[in-house]
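Residue numbers (the UniProt record's numbering): 1 to 278. Inspection log for the structure reproduced underneath, given as structure tokens.
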């Protein structure tokens, strides 16, 4: 396999294929299913913003196009946009150059993160951990077996965005996009839908100041790079193990944060996870 040396000393395969929203949005729309109501569509669009598929300043597709994508009437789509306007996420401008524009991407405040953790039991957080490990490990294993050689460089480029991110929200987007791209490369639509849902549910919580610390960007970046190296080498077993360990560590930090708040909300977690980061 032909590789290139980069300034940061990562041996990578030439190529920068990175999935864009034209690839990912149809999956999110397909997964909308029973949520194809005004508020449900608003949640899907908000998730696409939180994952960086739409950035502040960008114009959304026309109402007709969005309604067609979600398979709903224009009136239903307008209800969704009204919900987003009420949340302060979009604004509608009139005139020839008008339309609906993203003005802010959703990201929870520390108080909202605390409320979410206090309101979620340890049992539910542990179940979320189990699902995240299962999905992440399967994604990495399949990606190592199926990734096109030209896509490895793009995957590493996504990994390298994390240490350059300047805010918690940017770090959450960079982290999510890496995991989502890996799911795209696994070539399993079902796993991709699951990864999109998990990232929209977990990433902002993990990167909030309530959970993540100053060492998190460097540590997560190093773990991502090791996964990329295993995927590049076609080592499915190593990719599966490394991703499982990475997701396990990150997901259990949510439980640690909840315990630190003094709100167990369920049975004790194993003593091996209390008081330290696994």
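Note that beta-carbon positions come from the ideal geometry of N, C-alpha and C, so glycine has one too.
What's the gap between the Cα of residue i and the Cα of residue j?
i	j	result
residue 176	residue 85	25 Å
residue 34	residue 44	With a pLDDT of 48 at residue 34, under the threshold of 50, the modelled position of this residue cannot be trusted; read the value that follows with caution. Whole-angstrom Cα-Cα distance: 12 Å.
residue 258	residue 215	19 Å
residue 243	residue 136	6 Å
residue 129	residue 62	38 Å
residue 139	residue 202	17 Å
residue 232	residue 77	42 Å
residue 239	residue 198	19 Å
residue 178	residue 39	28 Å
residue 237	residue 141	6 Å
residue 125	residue 247	13 Å
residue 182	residue 36	27 Å
residue 127	residue 144	26 Å
residue 166	residue 65	34 Å
residue 249	residue 206	11 Å
How would you call residue i, buried or exposed, if buried means at least 16 neighbouring beta carbons within 10 angstroms?
i	result
residue 102	buried
residue 115	exposed
residue 117	buried
residue 100	buried
residue 154	buried
residue 260	exposed
residue 262	exposed
residue 108	buried
residue 160	buried
residue 113	buried
residue 95	exposed
residue 97	exposed
residue 148	exposed
residue 132	buried
residue 52	buried
residue 171	buried
residue 122	buried
residue 151	buried
Along the chain, where does the beta strand (DSSP E) containing residue i start, and where does it finish?
i	result
residue 93	90-93
Against chain D, does residue i count as a neighbour if the rule is that its beta carbon must be under 9 Å from one of theirs?
i	result
residue 239	Looking at the structure shown, chain D is missing, and only one protein chain is on hand.
Which two residues bound the contiguous alpha helix (DSSP H) that contains residue i?
i	result
residue 279	In the structure as shown, the chain starts at 1 and stops at 278, and residue 279 therefore has no counterpart that could be examined.
residue 99	Careful: residue 99 lies outside any alpha helix (DSSP H), inside the beta strand (DSSP E) at 99-102.
residue 42	38-50
residue 70	63-70
residue 53	Here residue 53 belongs to no alpha helix (DSSP H), and DSSP marks it neither H nor E.
residue 115	110-118
If contact is defined by three or more beta carbon pairs under 8 Å, each pair taking one atom from either stretch, is the region 190-198 in contact with the region 53-73? With the rule of 3 Cβ pairs closer than 8 Å, the region 53-73 does not count as touching the region 190-198.
Going along the chain, which unbroken runs of the alpha helix (DSSP H) with 4 or more residues stay wholly within the region 142-192? 152-159 and 168-185
Mind the definition here: the region 56-64 touches the region 213-232 only if three or more C-beta pairs lie below 8 Å; say whether that holds. no
Pick out the complete alpha helix (DSSP H) segments inside the region 183-241, 4 residues or longer, and give them in chain order. 189-207 and 216-232
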